[in-house]
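Chemist: The structure follows.
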Amino acid sequence: MTQSGVGIKIIGCGSATPSQVLTNEQLSQIVDTSDEWIKTRTGISRRHLALADESLSELAAKAAASALEMAQLNPQAIDLIILATSTADDLFGSANKIQHLIGANQAVAFDLTAACSGFVFGLSVAASFIRSGTYQNILLIGADLLSRWVDWSDRTSCVLFGDGAGAVVCQANQTEDHLLACELYSDGRQNGSLNLAYQSESQPMVDNLQVARGGYQPLTMNGKEIYRFAVAKVPEVIEKALFKANLQAPQVDWLILHQANQRILDAVAERLQISPEKVISNLAEYGNTSAASIPLALDETIRQGKIKCGDIIVLSGFGAGLTWGAAIFRWGI
Ligand code: UT7
Numbered sequence: 001m002t003q004s005g006v007g008i009k010i011i012g013c014g015s016a017t018p019s020q021v022l023t024n025e026q027l028s029q030i031v032d033t034s035d036e037w038i039k040t041r042t043g044i045s046r047r048h049l050a051l052a053d054e055s056l057s058e059l060a061a062k063a064a065a066s067a068l069e070m071a072q073l074n075p076q077a078i079d080l081i082i083l084a085t086s087t088a089d090d091l092f093g094s095a096n097k098i099q100h101l102i103g104a105n106q107a108v109a110f111d112l113t114a115a116c117s118g119f120v121f122g123l124s125v126a127a128s129f130i131r132s133g134t135y136q137n138i139l140l141i142g143a144d145l146l147s148r149w150v151d152w153s154d155r156t157s158c159v160l161f162g163d164g165a166g167a168v169v170c171q172a173n174q175t176e177d178h179l180l181a182c183e184l185y186s187d188g189r190q191n192g193s194l195n196l197a198y199q200s201e202s203q204p205m206v207d208n209l210q211v212a213r214g215g216y217q218p219l220t221m222n223g224k225e226i227y228r229f230a231v232a233k234v235p236e237v238i239e240k241a242l243f244k245a246n247l248q249a250p251q252v253d254w255l256i257l258h259q260a261n262q263r264i265l266d267a268v269a270e271r272l273q274i275s276p277e278k279v280i281s282n283l284a285e286y287g288n289t290s291a292a293s294i295p296l297a298l299d300e301t302i303r304q305g306k307i308k309c310g311d312i313i314v315l316s317g318f319g320a321g322l323t324w325g326a327a328i329f330r331w332g333i
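Just so we're aligned: 66 in the numbering used here is position 66 of the sequence shown, and the numbers increase by one with no gaps anywhere.
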């Protein structure tokens, strides 16, 4: 247990994805690629893409409602909503829109941006608020619509991404702390490897005053750099988290990594000597859904009945920033 005597427990999860699906075959009609290349290099077959009239807030609200239903918790009981996203509907944040959509009128709500590590970073923030006794019930959502920001003429990146949302409800628990360890890292030196950056031009105003006018540019990525970074740093951060939790790799029941590339999932599992049947992958169906990928994979696996009460689950997110982190928790509602 923590010093404060308050632990954290995940009491529900949910997810939602857009119904529109883009297959590798269809992608190969847009850019010079093939189903065979994408499948063998990434493990991805399809991705779900939001329509123009589908918003991030609505998709996230669906995932949140489903998590609240599993938790059997009234939205009015939520104290805090954390939305991990890099693709908010509004630069001022979308968490408050979700608060309104689900009717969580008592909640404080804010966005958190840590790219594909957002869910793990958010879990750590939620745990701090709960362990300090500040809040009892926290809704943590990971959601991204990267399809809006991908350059659909760049075959080196557009084949990877899809849209989705996942959510968990975290609750204060007086008897046991289910979050066994959390480790977070950032390295801004490699910031240029994966960006969705604002670019502007100078616009004269009055006298000699100028203002910047521009917009966010499509996603740019150095795939090889990110691949190398992930394969080196993810096993390391998981090993550190296991050490903190006083656990060994064979005690891990499920490994849920950010769904970036099947080859990254396989390489990390091999380095940690975690057997392939413990590695959760839904890449074939959704591709990389950024901050949504971990809670989406968690929710699917829970609802398939694979994860049993007491199972040890290792999560690890990594991506732009660069950011990476790992969390270890024990499942049990
Ligand atoms: O959330 C984190 C987000 N980012 C990532 O996770 C990215 C991590 N990196 C990766 O997943 C991989 O590096 C990629 C899937 C992006 C690329 O796979 P790779 O095995 O590293 O391929 P590569 O960049 O070494 O390219 C090999 C070849 C090149 O052709 P040449 O130069 O050998 O003739 C590329 O031009 O494959 C070519 N290529 C493609 N061919 C068909 C690159 N993209 C494609 C494509 N279809 N979509």
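Think of the CB as a built atom: it goes at the ideal place given N, C-alpha and C, for glycine as much as any other residue.
Taking all protein chains shown into account, decide if Met-221 is buried (16 or more other Cβ within 10 angstroms of its Cβ) or exposed.
Modeler: Counting from one through the sequence shown, the residue named residue 221 turns up at place 221. By the neighbour-count rule (16 or more Cβ atoms within 10 Å), Met-221 is buried.
Chemist: Relative to the ligand UT7, is the shortest distance from any of its heavy atoms to the C-beta of Cys-13 smaller than 6 Å?
Modeler: Residue 13 sits at position 13 when you count from the first residue of the sequence shown. Not so, every heavy atom of the ligand UT7 lies at least 6 Å from the Cβ.
Chemist: Tyr-185 to Thr-323, Cα distance in whole Å?
Modeler: Translated into the one-based positions of the sequence shown, residue 185 becomes position 185. Translated into the one-based positions of the sequence shown, residue 323 becomes position 323. Approximately 6 Å between the Cα atoms of the pair.
Chemist: Could you tell me which uninterrupted beta strand (DSSP E) segments, each at least 3 residues in length, are contained entirely in the stretch 66–143, listed from first to last along the chain?
Modeler: The qualifying runs are 80–84, 108–112.
Chemist: Tell me Leu-309's beta-bridge partners as DSSP assigns them.
Modeler: The residue given as residue 309 occupies position 309 in the sequence shown. One detail in the question is off: residue 309 reads as Cys in this sequence, not Leu. In DSSP, Cys-309 forms no bridge with anything.
Chemist: Gly-344 to Met-70, Cα distance in whole Å?
Modeler: Outside the modelled stretch of the chain, which goes from 1 to 333, sits residue 344, for which no answer is possible.
Chemist: Consult DSSP for Asp-354 and reduce its assignment to one of helix, strand or coil.
Modeler: Nothing about residue 354 can be read from this structure; the chain reaches only from 1 to 333.
Chemist: If the criterion is Cβ atoms closer than 7 Å, does the pair Lys-244 and Ala-181 meet it?
Modeler: The sequence position of residue 244 within the sequence shown is 244, counting from 1. The sequence position of residue 181 within the sequence shown is 181, counting from 1. Result yes, Cβ atoms of Lys-244 and Ala-181 sit closer than 7 Å.
Chemist: Is Ala-260 near the ligand UT7, going by C-beta to nearest heavy atom under 6 Å?
Modeler: Reading the sequence shown from its first residue, position 260 is the one you call residue 260. Yes, the ligand UT7 has a heavy atom inside 6 Å of this Cβ.
Chemist: Quick one: complete beta strand (DSSP E) runs, 3+ long, within the stretch 267–295?
Modeler: Those beta strand (DSSP E) runs which fall completely within the stretch 267–295 and span 3+ residues do not exist here.
Chemist: With respect to 6 Å, is the separation between the Cβ of Trp-324 and the closest non-hydrogen atom of the ligand UT7 below this value?
Modeler: As a position in the sequence shown, residue 324 is number 324, starting the count at 1. Not so, every heavy atom of the ligand UT7 lies at least 6 Å from the Cβ.
Chemist: Answer yes or no: the CB of Lys-39 versus the heavy atoms of the ligand UT7, is any distance below 6 Å?
Modeler: For the purposes of this step, residue 39 is taken as residue 39 along the sequence shown, with counting starting at 1. Result no, Cβ not under 6 Å from the ligand UT7.
Chemist: Please go through the same chain and pick out, in chain order, the residues whose beta-carbon is closer than 8 Å to the beta-carbon of Leu-315, but skip the five residues on each side of it.
Modeler: Position 315 of the sequence shown holds residue 315. Within the same chain, Leu-315 has close Cβ partners Phe-119, Val-120, Leu-123, Ile-256, Leu-257, Ile-294, Leu-298, Ala-326, Ala-327, Ile-328, Phe-329.
Chemist: Taking a contact to mean a Cβ-Cβ separation below 7 Å, would you say Gly-319 touches Ser-94 in this structure?
Modeler: Walking along the sequence shown from the start, residue 319 turns up at place 319. Walking along the sequence shown from the start, residue 94 turns up at place 94. No, the Cβ-Cβ distance between Gly-319 and Ser-94 is not below 7 Å.
Chemist: Go through its chain and collect everything with a Cβ distance to Thr-113's Cβ below 8 Å, but skip five positions before and after it.
Modeler: On the sequence shown, position 113 is the one that residue 113 refers to. The answer, listed in chain order, is Ala-84, Thr-85, Ser-86.
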